[in-house]
Structures are given as C-alpha cells and as structure tokens.
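A quick write-up on the structure given underneath.
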Amino acid sequence: MKEIPKEQHDQTPVYLGATAGTRLLNLTGPTVSDTLLAAVTATLKSYPFDFRGAEILSSQNEGVFGWVTVNYLLENFIKVKAVGLA
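For the sequence shown, UniProt numbering gives the first residue as 1, with consecutive numbering after it.
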C-alpha cells in the first residue's frame, strides 16, 4: 500500500486470479474453493482500493498473465514517450 499514493487508493483497480492449486481444489472440493474465494474477496474488499473481483483463472489465462508479468518485470515492452501532448 505504501507504493501507491493514498489519494489514488480508491482509483486503483485490484483483481485476483487464482491459479492451478485453486483449479485443482475446485475439481475436488468446489465448496471449499468457493469458501476460499469468498474469504479472499471479503478481505480484499476491506482495503481502500477498487476491488473488482476474484476468480479462478483458466490454465490458458494463467499462462498469458504469467507471460505478460515476466516480460513487464524484464522491461521487454516498448516504451513510448508522448511528445507535444498536453
């Protein structure tokens, strides 16, 4: 929370994507995974951010988000500076 200025907390969207362990739990005990997601949702809603939901990611989406995360952290995306915009 220290990294985001306090005045921007309510404008900062937060999503939670549960991954493989929760997918497996959902197959063997869907009630347990539902309870887990409900508890996580309640906890994240208690923070001052704009919580937009928690869900179990598909394996395909988990891979896509993982790829984006790694490449973002490695600064592999093209950086463009806007010139002349007010």
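Backbone N, C-alpha and C define an ideal beta-carbon position, used for all residues, glycine too.
Taking the Cβ atoms as the reference, VAL14 lies roughly 5 Å from PHE51, within the contact range of under 8 Å. Taking C-beta separations shorter than 6 Å and ignoring five residues to either side along the sequence, the partners of GLY17 in its chain run LEU57, following chain order. DSSP, reduced to helix, strand and coil, places ALA82 outside both helices and strands of the structure shown, so it counts as coil. Take LEU37, set aside five residues on each side of it, and the residues of its chain with a beta-carbon closer than 6 Å to its own are ALA54, in chain order. Per DSSP, reduced to three states, the secondary structure at TYR47 is coil, with no helix or strand assignment.
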